[in-house]
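Residue numbers (our numbering), protein chains in the order written: chain L, 12 to 245; chain Y, 18 to 760; chain Z, 95 to 175; chain D, 95 to 175. For every residue, glycine included, the Cβ atom is placed at its ideal position computed from N, Cα and C. Written out below as structure tokens is the structure these notes cover.
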Amino acid sequence: MKFAVVEFPGSNCDHDAYYAAKHVLGQQAEFIWHKDTDLRGADVVVLPGGFSYGDYLRTGAIARFSPIMARVREFADAGGPVIGICNGFQVLLEAGLLEGALLSNRRLKFLCQHVHVRVEQSDTPFTCGAAVGQVLKLPIAHGEGNYHADPETVAALEANRQVIFRYCAADGSASDAANPNGSLAAIAGVCNAGRNVVGLMPHPERACESVLGSTDGLVVLESVVSALAATGAA
Amino acid sequence: MDQSTIDAHGLSADEYQRLLEILGREPTITELGIFSVMWSEHCSYKSSRLHLRRLPTEGARVVQGPGENAGAVDIGDGLIAVFKIESHNHPSFIEPYQGAATGVGGIIRDIFTMGARPIALLNSLRFGALDDPATRRLVDGVVAGIAGYGNSIGIPTVGGEIAFEPSYAGNPLVNVFCLGVAKADQLAKGLASGTGNPVYYVGAKTGRDGIHGATMASAEFDGHSADKRPAVQVGDPFMEKLLLEACLEVMQTGALVGIQDMGAAGLTCSTSEMAARGDVGIEIDVSRVPQREAGMTPYEIMLSESQERMLLIARRGREAEVEQVFEKWDLHAVRIGEVTGDGRLRVRDRGVVVAEIPNRQLADGAPLYDRPTERPAYLTEVQQLDVTALPAPADLSQTWLDLLGAPVIASKRWVYRQYDHMVRTNTLVLPGLGAGVVRIKGTSRALTFSVDGNGRYCYLDPGEGGRLAVAEAARNVACAGAVPIGATNCLNFGNPERPEIMWQFAHTVDGIAEACRALEIPITGGNVSLYNETDGQAIYPTPVLGVVGLLEDATRVLTRMFPADSLEIVLLGEAAGELGGSEYLKVAHGLVRGRPAAVDLDRERALQRLLVDAARDGLLRSAHDCAEGGFAVTLAECSVESGGVGARVELPAPAGPDDRFALVRALFGEAPSRVVVSALPEERDRLLARARAFSVPASVIGHTGGERLTISVAGAVVAAIGLDEAEQAWDNGLTRHFETAVA
Amino acid sequence: MKTRVFVTLKPSVFDPQGKTIVDALRSMGYGAVRDVRQGKYFELDVDASSADEARSVAAEVADKLLANPVIESYRVEVDGK
Amino acid sequence: MKTRVFVTLKPSVFDPQGKTIVDALRSMGYGAVRDVRQGKYFELDVDASSADEARSVAAEVADKLLANPVIESYRVEVDGK
Ligand SMILES: Nc1ncnc2c1ncn2[C@@H]1O[C@H](COP(=O)(O)OP(=O)(O)O)[C@@H](O)[C@H]1O
Ligand SMILES: [Mg+2]
């Protein structure tokens with residue numbers, strides 16, 4: 012199975028996603044430069060974290076115009092699994108592949124720390140290996156991860172079960188203190204209506220080896236491997 | 018050239034005379050500007066060079082010593098570690114966010130210029146007292162600036178230190194350390210050679226920013242400094258990220274002869290230094306330099322310190338390869354000149370020569386001063402410490418909590434959680450838990466780093482302060498289980514034209530040199546920042562040592578935390594410390610006095626070797642050295658954040674004078690060469706035997722477990738605190754100054 | 095032609111920056127400032143032969159890039175108009 | 095009273111954001127936008143009895159908090175004035 016890791020100028024978690032896919036999971040992985048116009052037969056597309064275009068103007072705002080994004084959109088429209096992590100999530104929102112927007116963290120400071128998120132839905136290619144209610148310990152590292160959407164959109168996301176990850180305490184309970192950035196409804200990750208495009212602020216690729224303090228991110232990447240294996244894609 | 022112009026360029030009469038001799042004529046204004054920056058303290062090290070020669074720079078692992086953009090040491094597996102520390106003190110005082118950000122940008126360029134991929138950043142910061150709102154704004158801006166740049170470019174900031182003392186109120190210190198890894202055979206150099214080879218400029222356009230930044234860093238501040246501000250440099254981490262990737266990629270082509278960043282003194286320094294290293298001449302035409310502002314003069318272009326710019330020498334005939342790589346990254350390499358055989362730095366403007374200087378005399382002929390030194394008068398007075406005149410502490414438990422909450426000791430989480438310390442997925446020890454540790458993917462090894470320097474010790478005893486700084490940084494690295502293999506240093510001092518400051522400098526350098534020799538840690542480079550004074554008030558003399566350690570087996574890494582209940586706690590080294598220069602004296606009595614405990618370098622070396630040896634053989638579960646706050650603070654630091662592992666220890670009855678402070682010395686006294694370790698009960702005897710073999714005093718003093726921290730002396734409990742109150746004091750000590758509600 | 099684009103968060107969107115500023119101002123004794131909303135301000139130099147043309151270029155650019163319609167709205171001014 | 099503060103980088107200060115936006119616009123086909131400078135825009139609701147009073151409060155606040163005098167300058171408008 013082949014992971015395509017899209018590299019925008021300023022992406023900086025591209026190597027981390029590549030390493031997790033290739034060296035931890037033992038899958039194929041390939042970098043795709045943002046000016047490329049071909050996903051080269053990828054089975055999964057990863058938009059990695061970082062600061063595409065320096066995060067200037069708004070996070071993800073400029074990257075969404077990169078040539079490769081037209082292919083990513085086609086791939087997503089055809090049902091291919093796409094995951095946007097941190098800055099990649101921001102790009103997917105700007106591109107309209109996911110709904111909502113990300114504002115500055117409520118206390119404005121960049122935050123790098125481990126948080127807990129609850130898996131809210133297990134019928135996406137990136138959560139199918141997890142149980143609903145499972146709590147994952149994952150790192151965040153962002154200054155603008157405060158999820159926002161208008162009330163109707165949030166209601167629709169909830170009704171359609173498109174909220175995939177929610178910040179929570181270690182025991183899975185909800186509390187304002189467990190919400191690191193002020194996200195509406197403690198939303199840490201969402202999917203599209205087709206459920207094949209997922210975006211989240213925490214970094215599962217940073218939590219794939221015990222020496223790094225957590226292996227809870229593995230389930231996200233392993234899910235897509237088994238999801239694709241089940242459909243016979245690779 | 019009229020006298021006021023010469024004076025405005027900071028050249029002394031002798032220096033100007035020397036310039037006239039070199040040129041054999043009056044300089045043009047552009048030439049005067051070039052000499053003035055190249056001969057500034059910042060670029061020429063004219064006051065410090067003589068002393069720096071005493072630092073040991075050789076060792077079996079040294080691949081590159083001082084003289085290049087950064088030093089390098091061999092780390093096995095065909096790899097080298099390239100590292101350096103640099104100051105950005107003056108710019109950070111003027112504009113904290115941008116000053117600190119561009120400091121990070123500058124040191125990163127020094128590393129990738131050498132062909133190394135930067136993998137870790139650390140910083141060492143000093144500010145005035147936190148109760149001053151102006152200081153808090155500075156801290157806030159500096160931390161945000163470091164975060165803004167490092168996070169964006171994607172290099173983890175894995176450690177550092179921050180301290181607060183009134184002496185830094187008018188002159189904060191911002192020292193940034195960066196380390197990169199390169200293949201041993203791919204070390205790039207800042208060197209020009211090959212007559213006719215093209216000179217390329219790449220990166221941001223040149224503006225009027227920071228003109229005379231190097232000269233500014235070579236003068237002290239006064240009440241009018243605000244008016245002298247040159248256009249402040251603004252960092253563009255996005256541009257630097259592109260430059261970093263593109264430069265590393267272009268180096269792979271083999272089409273480059275040399276490469277150097279444009280740091281202090283910009284185009285002037287980079288052209289002149291590269292030509293000097295290759296013993297060639299260089300010629301550029303400033304009209305080809307990409308410019309951001311209209312109407313810039315050759316003088317301004319040569320002296321601009323605009324950020325994110327690189328100078329490259331390509332091999333003739335391979336220009337297309339170079340240009341192509343930069344195009345891929347949307348950067349445009351512009352050819353601005355060529356290497357010549359005549360040994361001159363020649364600057365043209367649309368063909369017309371505006372400066373022509375024999376380059377060797379410019380670069381290597383800078384003045385060298387043996388400035389007078391004189392023992393500072395204050396020393397005799399401040400070294401006196403008569404504790405009998407002080408009130409004895411009433412409640413040692415409360416003092417313990419007060420120390421845990423002192424900003425110098427308290428948790429730095431408010432700072433480091435603003436830094437992305439995990440990007441690149443190599444960080445094995447998170448900030449706050451000990452020295453920074455980063456694994457080297459593809460090998461079994463990890464590198465460990467610590468930056469340390471106690472300005473208070475150095476103020477009270479410069480020579481000892483220098484020795485202590487080396488010992489502490491190396492000990493921190495050894496506590497992680499790593500062998501210290503190299504060091505870099507940043508020497509922050511006041512005005513070198515004052516003999517007392519020069520005395521501090523000379524003695525500190527001697528102390529560093531002696532300790533590095535004894536501990537066999539070569540210095541591969543560094544930076545000197547002088548004139549850190551405002552209105553005649555100098556900072557504490559502050560050397561910051563950045564020590565790099567190599568951990569052969571990354572899985573053996575240790576942190577400060579007690580990982581479990583029922584472990585044996587062993588104290589390596591002597592039981593009690595000294596009160597001179599201690600945090601206790603400052604917190605409990607508001608005093609900075611006495612002499613810091615001296616380091617016995619043989620003992621220190623034995624202790625560090627024991628730590629590395631015992632860690633390698635799996636005899637240790639944690640290790641943490643006794644620093645500010647002494648034994649009691651160290652013990653608490655092994656417990657806080659560990660998820661509730663308390664400890665109960667028993668110290669021997671204190672020796673020393675019976676002056677009501679014997680217990681205080683045991684609990685809060687400071688001394689080097691002391692480490693608190695934990696071990697499994699079944700490993701205890703092996704550990705003790707190992708300590709004996711290394712001639713390191715070791716005593717089993719207690720065990721981990723419970724919800725409290727209890728210290729007894731001679732059978733009686735003398736201090737006890739709950740883990741939760743310890744945690745709270747420690748957590749809030751720094752944070753409370755910045756956040757009303759704790760997130 | 096000098097063209098200005100103002101981008102502001104929609105009224106319904108929480109503005110963490112604005113709120114932090116109000117809080118800071120209150121603690122500095124500026125209680126008279128009851129509310130602050132932070133937005134972005136762009137000065138564009140547009141190559142256009144008329145104010146209307148400049149305005150329409152700026153509006154297009156604001157629509158596509160400068161503002162995110164999910165959270166922001168914008169206003170264009172040409173030469174003070 | 096609605097008061098607006100515009101904060102812009104001083105002309106000699108480099109604006110990496112503005113530059114990146116211009117480059118992006120160029121590659122999107124908006125070469126007509128020759129330059130962009132990005133600034134900040136604040137809408138203040140000031141409790142004041144006159145426009146002059148509101149203006150002076152806003153100016154003070156801009157001086158102390160909203161603008162960084164080392165690299166930025168600002169302008170205050172009250173009700174379009
Ligand atoms: N304190 C010091 N100890 C050892 N070497 C030093 C020290 N300070 C400066 N150097 C060396 O002097 C050289 C010039 O330093 P510097 O001007 O800071 O370099 P750059 O301009 O590349 O930043 C470097 O090789 C540096 O390592
Ligand atoms: Mg350099």
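C-alpha of Ser-599 of chain Y to C-alpha of Leu-320 of chain Y: approximately 45 angstroms in a straight line. By the beta-carbon neighbour count (other beta carbons within 10 angstroms, threshold 16), Leu-37 of chain Y is exposed.
Under the Cβ distance rule, Leu-50 of chain L does not count among the residues neighbouring chain D, no pair being separated by less than 7 angstroms. When rounded, the separation of the alpha-carbon atoms in Asp-642 of chain Y and Asp-157 of chain Y is 29 angstroms. For Val-297 of chain Y, the closest of Y:Gly-453, Y:Arg-377, Y:Pro-671 by C-alpha to C-alpha distance is Y:Arg-377. Taking the C-beta atoms as reference points, Cys-507 of chain Y is found nearer than 7 angstroms to Ile-102 of chain Y. For the pair of segments examined, the segment 101 to 115 of chain D was found to touch the segment 252 to 266 of chain Y: the number of CB pairs separated by less than 8 angstroms reaches three. Straight-line measurement puts the Cα of Asp-617 of chain Y at about 26 angstroms from the Cα of Arg-701 of chain Y. Sorting Y:Arg-78, Y:Ile-111, Y:Val-219 by C-alpha distance to the C-alpha of Ala-186 of chain Y places Y:Ile-111 at the top.
Val-249 of chain Y counts as buried, since at least 16 other C-beta atoms from the protein chains shown sit within 10 angstroms of its C-beta.
DSSP places Tyr-168 of chain D within a strand segment (E or B) once states are collapsed to three. In the three-state scheme derived from DSSP, where H, G and I count as helix and E and B as strand, His-349 of chain Y is classed as coil. With fewer than 16 other CB atoms across the displayed protein chains lying within 10 angstroms of its CB, Ala-710 of chain Y is exposed. The residue from Y:Arg-441, Y:Asn-549, Y:Ile-538, Y:Gly-553 with its alpha-carbon nearest to that of Arg-622 of chain Y is Y:Ile-538. The secondary-structure analysis by DSSP pairs Lys-96 of chain D across a beta bridge with D:Asp-139. Apart from the 5 residues on each side of it in sequence, Leu-96 of chain Y sits with its Cβ closer than 6 angstroms to the Cβ of Val-198 in its chain, given in chain order. Sequence-distant Cβ neighbours of Leu-284 of chain Y in its own chain, meaning closer than 6 angstroms and more than five residues away, are Met-319.
A direct Cα-Cα distance of roughly 8 angstroms separates Gln-554 of chain Y from Ser-184 of chain Y. Annotation for Gly-95 of chain L: Leu-58, Val-102, Leu-103, Gly-210 place their beta carbon closer than 7 angstroms to its own, counting only its chain and skipping 5 residues before and after.
When beta bridges are read from the DSSP output, His-720 of chain Y appears opposite Y:Glu-585, Y:Arg-665. Membership of Met-327 of chain Y in the beta strand (DSSP E) is indicated by the continuous run 326 to 331.
Taking Asp-570 of chain Y as the centre and dropping the five residues before and after it, the same chain places the C-beta of Ser-461, Arg-462, Arg-633 closer than 8 angstroms to its C-beta, in chain order.
For Glu-41 of chain L against Ala-15 of chain L, the beta-carbon gap comes to about 6 angstroms, under 8 angstroms, which counts as contact.
When DSSP states are grouped into helix, strand and coil, Val-107 of chain Z belongs to the coil group.
For the segment 133 to 148 of chain Z, the residues whose beta carbon sits under 8 angstroms from a beta carbon of chain D are, in order, Gly-133, Lys-134, Tyr-135, Phe-136, Glu-137, Leu-138, Asp-139, Val-140, Asp-141, Ala-142. Checking the DSSP bridge columns, you'll see Glu-18 of chain L partnered with L:Trp-44. Apart from sequence neighbours up to five positions away, the residues of its chain that approach Asn-168 of chain Y with a beta-carbon distance below 6 angstroms are Asp-437, ordered along the chain.
Under the three-state reduction of DSSP, His-26 of chain L is assigned to helix.
The continuous stretches of beta strand (DSSP E) do not include Phe-255 of chain Y, which lies in the alpha helix (DSSP H) extending over residues 254 to 270. The beta carbon of Asp-182 of chain L does not come within 7 angstroms of any beta carbon belonging to chain Y, so the residue lies off that interface. Within chain Z, the residues placing a beta-carbon under 9 angstroms from that of Lys-158 of chain D are Leu-119, Met-122, Tyr-124, ordered along the chain. Check the Cα spacing between Leu-413 of chain Y and each of Y:Pro-424, Y:Ala-605, Y:Gln-625: the tightest is with Y:Ala-605. Gly-122 of chain Y has its alpha-carbon roughly 29 angstroms from the corresponding atom of Glu-105 of chain L. Pairwise C-beta distances place the segment 75 to 86 of chain L out of contact with the segment 173 to 187 of chain L, as fewer than three of them are shorter than 8 angstroms. Taking a C-beta distance under 7 angstroms as the contact criterion, Phe-100 of chain D and Arg-169 of chain D qualify as a contact pair.
Taking 7 angstroms as the CB threshold, Asp-47 of chain L stays off the interface with chain Y.
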